[in-house]
Amino acid sequence: MKHAYLIMAHNNFEQLLILLELLDFPDNVIFIHVDKKSEVPAYISDLVLTYSPIIFTERINVYWGDYSQIDCELTLLQAAFDYPLSFSYYHLISGVDLPLVDQKKFHDFFEINKGKEFVSFIDKKWTEEHRIIKKRIYGYSVFQKYYRSKIKSMNKIFRLIDKISVELQLLFRINRTKMLNEEFMFGPNWFSITNEFTEYILGNRGWIEKVFRYTLCGDEIFLQTLMYNSEFYKKNYGENLRYVDWERGNPYIFKLNDYEELENSSKLFARKFDTTIDCKIIERICESINERKD
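With our numbering as the guide, the letters of the sequence shown map in order to residues 1 to 294.
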């Protein structure tokens with residue numbers, strides 16, 4: 001069983017190096033998208049691992065909340081899907097994620113659960129209460145391209161204008177979902193999916209762009225929507241097996257005193273980590289994984 005790791009990275013490259021070394025394993029191929037706005041250090045661009053080839057995809061400028069986030073994910077999926085090897089699973093992670101298990105255990109888990117999809121959905125009742133779908137899908141978020149200023153205050157102004165624009169569209173009962181047959185769903189963008197579902201997603205690239213080009217944070221809706229309205233939903237495991245804490249942060253950055261919590265989480269990945277805030281937790285996880293390998 002071969003696995004494709006799809007990594008979205010934009011900073012903290014020393015930490016990315018640690019992640020890559022933890023993922024180095026036979027039958028893994030690693031695909032990396034580095035935000036075009038970032039400069040890639042030579043120790044990353046020239047890196048050769050022992051087992052896993054590293055493929056750098058075409059680079060695009062990625063902006064928060066923008067369609068470019070979806071475009072980045074699709075770029076990674078397409079690069080992996082077009083690779084000469086056929087992959088059983090595609091795993092989307094960020095450059096500040098870490099695995100919580102060694103790769104032998106990781107591969108064994110997917111061998112046991114072969115054919116299942118690993119995508120998380122946020123409870124529909126909560127989504128409706130917070131008007132997530134209405135605010136993101138009903139109206140058109142037409143000011144996304146103006147979020148890109150290097151001046152943070154300007155970004156905030158345009159986000160406010162965009163928010164007011166969407167609320168006005170809702171007030172005037174604009175609802176573009178009336179022209180669509182799909183039921184829209186919401187959840188985190190990180191996933192582990194099969195080759196079959198990957199092919200289905202890439203076959204719907206035109207629909208994805210048409211529907212989500214002017215959608216705020218559409219990366220948290222498009223994949224869940226495609227799955228929910230297809231036969232693949234019946235094969236879903238029920239979660240993506242990522243441990244992310246939104247209660248203590250946006251998301252919370254794990255520290256050394258969180259180690260036991262992470263160890264007992266029964267998840268495969270966790271995010272996020274930051275060497276500039278607490279490198280000890282990263283060292284501890286690396287030690288634990290390397291001990292298991294031995």
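We treat Cβ as the ideally placed atom computed from N, Cα and C, and that holds for glycine.
Would you decide whether residue i is buried or exposed? Buried here means 16 or more other CB atoms lie within 10 Å of its CB.
| i | result |
| --- | --- |
| Leu241 | buried |
| Asp258 | buried |
| Pro99 | buried |
| Asn189 | buried |
| Ile281 | buried |
| Ser141 | buried |
| Arg292 | exposed |
| Leu380 | Since the first residue shown for the chain is 1 and the last is 294, residue 380 is missing from the structure and cannot be characterised. |
| Leu168 | exposed |
| Glu73 | buried |
| Ala42 | exposed |
| Tyr243 | buried |
| Thr198 | buried |
| Ile164 | exposed |
If you draw a straight line from the C-alpha of residue i to the C-alpha of residue j, how long is it?
| i | j | result |
| --- | --- | --- |
| Met227 | Ser192 | 13 Å |
| Ile195 | Tyr90 | The sequence as given places Asn at residue 195; Ile does not occur at that position. So the two alpha carbons sit approximately 7 Å from each other. |
| Leu171 | Tyr83 | 47 Å |
| Phe25 | Gln103 | 7 Å |
| Glu58 | Asp245 | 31 Å |
| Asn264 | Arg248 | 18 Å |
| Thr177 | Glu283 | 47 Å |
| His3 | Tyr214 | 32 Å |
| Ile289 | Phe158 | 45 Å |
| Lys156 | Ile137 | 21 Å |
| Gly187 | Gly65 | 14 Å |
| Ile7 | His33 | 6 Å |
| Arg205 | Phe212 | 10 Å |
| Glu231 | Leu202 | 16 Å |
| Gly139 | Glu128 | 16 Å |
| Ala9 | Met154 | 25 Å |
| Ile44 | Asn28 | 17 Å |
| Phe81 | Glu239 | 23 Å |
| Arg216 | Val62 | Sequence check: residue 216 is Leu here, not Arg. In a straight line, the C-alpha of Leu216 is about 13 Å away from that of Val62. |
| Phe110 | Lys36 | 33 Å |
| Leu49 | Ser86 | 20 Å |
| Ile285 | Val40 | 25 Å |
| Trp126 | Lys235 | 23 Å |
Starting from residue i and walking both ways along the beta strand (DSSP E), at which residues does that stretch end?
| i | result |
| --- | --- |
| Met8 | 3 to 9 |
| Ser94 | 89 to 94 |
| Phe56 | 54 to 56 |
Answer yes or no: do residue i and residue j have a C-beta to C-beta separation smaller than 8 Å?
| i | j | result |
| --- | --- | --- |
| Ile30 | Ile60 | no |
| Phe269 | Ile112 | no |
| Val96 | Asp219 | no |
| Lys116 | Tyr237 | yes |
| Asn12 | Ser38 | no |
| Leu262 | Asp278 | no |
| Ser184 | Ile221 | What sits at residue 184 in the sequence shown is Phe, not Ser. Yes, Cβ-Cβ distance for Phe184 and Ile221 is below 8 Å. |
| Met1 | His107 | yes |
| Ile132 | Phe143 | no |
| Thr225 | Glu182 | yes |
| Leu19 | Ser52 | no |
| Ile70 | Ile208 | yes |
Out of the options, which one is the CA nearest neighbour of residue i?
| i | options | result |
| --- | --- | --- |
| Ser266 | Val101, Ile7, Glu14 | Val101 |
| Tyr200 | Gln78, Tyr51, Gln144 | Gln78 |
| Tyr67 | Glu239, Tyr147, Asn229 | Tyr147 |
| Ile174 | Glu183, Arg213, Lys134, Tyr5 | Lys134 |
| Phe56 | Tyr43, Leu76, Leu85, Gly187 | Leu76 |
| Asn250 | Glu231, Lys272, Ser45, Lys235 | Lys272 |
| Glu287 | Asn229, Glu21, Ala9, Leu202 | Glu21 |
| Leu180 | Asp46, Lys210, Lys235 | Lys210 |
| Leu47 | Asp71, Leu16, Gln69, Asp27 | Leu16 |
| Thr276 | Tyr5, Ala9, Glu14 | Glu14 |
| Tyr233 | Ser45, Trp126, Ala80, Val119 | Val119 |
| Ser88 | Asp35, Tyr5, Phe254 | Tyr5 |
Locate the alpha helix (DSSP H) running through residue i, then write down its first and last residues.
| i | result |
| --- | --- |
| Ser192 | No alpha helix (DSSP H) holds Ser192; the beta strand (DSSP E) holding it covers 191 to 194. |
| Val211 | 205 to 212 |
| His107 | 103 to 112 |
| Asn12 | Looking at the DSSP string, Asn12 is not in any alpha helix (DSSP H), and its letter there is neither H nor E. |
| Val166 | 152 to 171 |
| Asn28 | No alpha helix (DSSP H) contains Asn28, which is instead part of the beta strand (DSSP E) from 28 to 34. |
| Asn316 | One cannot answer for residue 316 here, as it falls past the ends of the chain, which runs 1 to 294. |
| Ser230 | First-last for Ser230: undefined, no H or E at that position. |
| Phe81 | 67 to 81 |
| Trp126 | 124 to 129 |
| Glu260 | 259 to 263 |
| Tyr146 | Careful: Tyr146 lies outside any alpha helix (DSSP H) and carries neither H nor E. |
Return no unless some Cβ of chain B is closer than 8 Å to the Cβ of residue i.
| i | result |
| --- | --- |
| Thr127 | The structure shown contains no chain B, having only a single protein chain. |
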